[in-house]
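**Student:** I have a structure here, written as structure tokens, and I will follow up with some questions on it.
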């Protein structure tokens, strides 16, 4: 690590350790090599910490609230330092696309008139510091809730409820900022309608509003901040606060969180630091139990493959529910425009309509996701559906391809049910070998092309004629990333 400001106390030293990885990750996106990334991160870290100290708030000194929580403050310092490099003739060390952005009107928005700055930036700045830090750590940094609670000194049992309240506060601040923004008469006429439509996850977007959002960047940004459903809040925050490379940074933090969490490791174990006495013995016991479990699983698999009459069908009934879920982070860009209509092919499978836009913020291998696509799935019966005696639920499914990049994508599924549910399990199939890697607001299991999402504890109850939404990240390696088919809800086929 390069020379950084000397910590003033233990709290600031801990803050340095927690934030350096985030700063270096964004600096690497902004530069053309590892050495330049480390140098840019060091200079930006020094600048950002000086600004934080001068504000004299948070775990530092004083009582005045700083403009942004410490991590986004440091990330904006990276952007400011990069601009200084460009002005000083050191721009050849920066990413070429960033240099184009720094010399465009897009960059000027972040330093220009306050009322012209991005809605997400103004909304986050208007929150109390503790609320803004909670929102950023949970939504953008994708830290598990116990880790967020530890960092902010909150009660782990209450932090999820507090996060839900902070999301609502952020939405209110963004709505107020949108109304305060100087805008054209047409935008003003749609402002309150936009507020009403984005409050309800089941509300349909009027056609005229959809056309307006497709052509007005300012109102589309506001819609992304106001629509809290569908997993788009993290992307709205990252894009609005960081600017160039915001979505690529968000994807990197998702991957970093997945690596930190590991497969099935509890967050408390990750953050515990040094192992407790006896932890080595406990680990040996766990490993032995794991080996025994694997052996028993192999035996059970062999037995299950033997012809046993109707036993196979009985085993299939609980197959989806028994699969091991993966890590469940918070989640990426709201689909702010209209959902393009979908026409069914002769096979009954939906044909997705994709719209992709190029941006100078792309960088491999962690390319900034670009473009949006939406598809409404009209589904065929689930080929692996459970034969449970319970009556199949009547449902309608909307599959939104929120973002797509060279080897990955982000999508959201919204299900509307005519019957009340006390639990739900949604399944679908992919055609092109897609793999779901992370999911939020549900746990996921995948067997080949078949994916199953199971309700979380906090959203398993759904009222009659109600709806629920969950989002996820996935990968694709073929030439196509077509919409899935065969959606079912609790074993019953869903329709358009």
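Numbering (the numbering used here), first residue to last: 497 to 992.
Each residue gets a CB set at the ideal place from its N, CA and C atoms; glycine is no exception.
1. Can you tell which of 752, 967, 741, 906 has its C-alpha closest to the C-alpha of residue 572?
2. Which of the three DSSP states, helix, strand or coil, is assigned to residue 701?
3. Are the Cβ atoms of residue 708 and residue 686 separated by less than 7 Å?
4. If you count every other CB in all the chains shown that lies within 10 Å of the CB of residue 982, and 16 or more means buried, which is it?
5. Can you check whether the CB of residue 948 is closer than 7 Å to the CB of residue 938?
6. Using three-state DSSP, classify residue 981 as helix, strand or coil.
7. For residue 712, name the three-state secondary structure that DSSP assigns.
8. Our contact map puts residue 570 next to residue 643 with C-beta atoms below 8 Å; I'd like the distance itself, whole angstroms only.
9. Does the Cβ of residue 682 have 16 or more other Cβ atoms within 10 Å, making it buried, or fewer, making it exposed?
10. Can the beta-carbon of residue 989 be found closer than 7 Å to that of residue 960?
11. So for residue 963, helix, strand or coil by DSSP?
12. Decide yes or no for the touch test of the region 538 to 545 against the region 574 to 581: beta carbon pairs closer than 8 Å, at least 3 of them.
13. Can you tell me the Cα-Cα spacing of residue 701 and residue 598, whole angstroms?
14. Out of 729, 897, 978, which one is the CA nearest neighbour of residue 620?
15. State the Cα-Cα distance for the pair residue 554 and residue 892, rounded to the nearest angstrom.
16. Name the residue from 723, 969, 521 whose alpha carbon lies nearest to the alpha carbon of residue 615.
17. How big is the Cα-Cα spacing for residue 606 and residue 934?
18. Would you decide whether residue 973 is buried or exposed? Buried here means 16 or more other CB atoms lie within 10 Å of its CB.
19. So, with DSSP's three-state summary, where would you put residue 637?
20. Find the nearest neighbour of residue 525 within the set 912, 898, 926, 746, judged by alpha-carbon distance.
21. Is residue 973 helix, strand or coil when you go by DSSP?
22. Between residue 803 and the rest of its own chain, which residues show a CB-CB distance below 6 Å, the 5 nearest in sequence each way excluded?
23. Are the C-beta of residue 931 and some C-beta of chain D separated by less than 7 Å?
24. Straight-line CA distance for residue 640 to residue 911?
25. Within its chain, find whatever has a CB closer than 6 Å to the CB of residue 532; leave out the 5 residues flanking it on each side and keep chain order.
26. Using the Cα positions of residue 522 and residue 549, report the straight-line distance between them to the nearest angstrom.
27. Tell me the residue span of the beta strand (DSSP E) that contains residue 924.
28. Relative to the C-alpha of residue 921, which residue among 957, 930, 704 is closest?
29. Looking only at C-alpha atoms, which of 611, 703, 657, 662 sits nearest to residue 629?
30. In this structure, does DSSP put residue 1039 in helix, strand or coil?
31. Please report the straight-line C-alpha distance between residue 736 and residue 601, rounded to a whole angstrom.
32. Is the beta carbon of residue 733 sitting closer than 7 Å to the one on residue 636?
33. Taking 6 Å as the limit between beta carbons, can you name the residues of its chain near residue 603, skipping five residues before and five after?
34. For a minimum of 3 consecutive residues, which ranges assigned as the beta strand (DSSP E) are wholly contained in the region 532 to 619?
35. Are residue 967 and residue 727 touching if we call contact CB-CB under 7 Å?
36. When the Cα of residue 592 is compared with those of 750, 613, 528, which residue comes out closest?
**Tutor:** Walking through what the data contain:
1. Ranking the options by Cα distance to residue 572, first place goes to 741.
2. coil
3. Against a cut-off of 7 Å, the Cβ pair of residue 686 and residue 708 comes out as a contact.
4. buried
5. No, the pair does not count as a contact, with Cβ atoms beyond the cut-off.
6. strand
7. In this structure, residue 712 counts as coil in the three-state DSSP scheme.
8. Between residue 643 and residue 570 the Cβ distance is about 18 Å, and since that is not below 8 Å, they are no contact.
9. exposed
10. no
11. strand
12. yes
13. 35 Å
14. 729
15. Because residue 554 sits at a pLDDT of 45, beneath the cut-off of 50, its placement in the model cannot be relied upon, and the following sentence gives the value as read from the coordinates. Computed Cα separation, rounded: 47 Å.
16. 723
17. 31 Å
18. exposed
19. Three-state DSSP puts residue 637 in coil, outside helix and strand.
20. Checked all of 912, 898, 926, 746; the closest Cα to residue 525 is 746.
21. coil
22. Residue placement at residue 803 cannot be trusted, given a pLDDT of 48 that sits under 50; what the coordinates show is reported in the next sentence. So the list is empty, once near-sequence residues are dropped.
23. Checking the listed chains, one finds no chain D in this structure; it contains a single protein chain.
24. 26 Å
25. 589
26. 22 Å
27. 921 to 925
28. 957
29. 662
30. In this structure the chain extends from 497 to 992, so residue 1039 is not present and cannot be described.
31. Straight-line spacing of the CA atoms in residue 736 and residue 601 works out to 15 Å.
32. yes
33. Leaving aside the five residues that flank residue 603 on each side, the residues in its chain whose CB is nearer than 6 Å to its CB run, in chain order, 597.
34. none
35. A contact, by the Cβ cut-off of 7 Å.
36. 528
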